[in-house]
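Residue numbers (this note's numbering): 3 to 137.
Where a beta carbon is used, it is the ideal one built from N, C-alpha and C, also for glycine.
Inspection log for the structure reproduced underneath, given as structure tokens.
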């Protein structure tokens with residue numbers, strides 16, 4: 003009887019752990035999602051020879067941007083998307099992006115590409131807006 007209870011308990015634990023494992027998000031570490039706060043500065047690491055896309059809110063349009071050091075970066079803005087490519091390695095500066103709704107401040111770094119996946123590297127930067135109602 004005790005053996006049967008132990009086997010049932012073991013089976014329940016095994017099935018429960020499988021259910022939990024399937025619920026875990028497998029988001030790539032190079033896709034960064036920040037919680038938007040107007041008082042935060044967002045750290046973004048980029049690699050030379052790679053681009054980083056910054057996606058603003060669905061109802062936003064980029065109105066302007068400004069770098070502390072603009073000479074080491076290539077930037078294009080279209081609608082709510084900003085594409086940034088570092089032109090030099092080991093450059094550290096700040097970036098401000100102004101949209102029709104918000105202002106975003108970034109602390110950006112460029113590095114050389116690594117042979118392994120760099121968990122700090124950002125391919126995509128997105129924002130979550132906790133004060134907005136869900137659509």
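Please state whether DSSP places residue i in a helix, a strand or coil.
{"i": "residue 38", "result": "coil"}
{"i": "residue 24", "result": "Summary for residue 24: the model assigns pLDDT 38, below 50, so the residue's position carries little reliability; its value from the coordinates is reported in the next sentence. If DSSP states are grouped into helix, strand and coil, residue 24 belongs with the helices."}
{"i": "residue 29", "result": "coil"}
{"i": "residue 133", "result": "coil"}
I need the boundaries of the beta strand (DSSP E) containing residue i, first residue and last residue.
{"i": "residue 130", "result": "126-130"}
{"i": "residue 79", "result": "75-80"}
{"i": "residue 107", "result": "105-113"}
{"i": "residue 66", "result": "64-69"}
{"i": "residue 45", "result": "43-49"}
On a CA-only basis, which of the options is nearest residue i? Give me that one, please.
{"i": "residue 104", "options": "58, 119 and 47", "result": "58"}
{"i": "residue 123", "options": "43, 79, 61 and 53", "result": "53"}
{"i": "residue 48", "options": "95, 100 and 132", "result": "95"}
{"i": "residue 67", "options": "79, 74, 41 and 60", "result": "79"}
{"i": "residue 111", "options": "99, 86 and 133", "result": "86"}
Determine which residues share a DSSP beta bridge with residue i and list them.
{"i": "residue 59", "result": "According to DSSP, residue 59 bridges with nothing at all."}
{"i": "residue 96", "result": "109"}
{"i": "residue 119", "result": "Answer by DSSP bridge pairing: none, since residue 119 is not bridged."}
{"i": "residue 87", "result": "76"}
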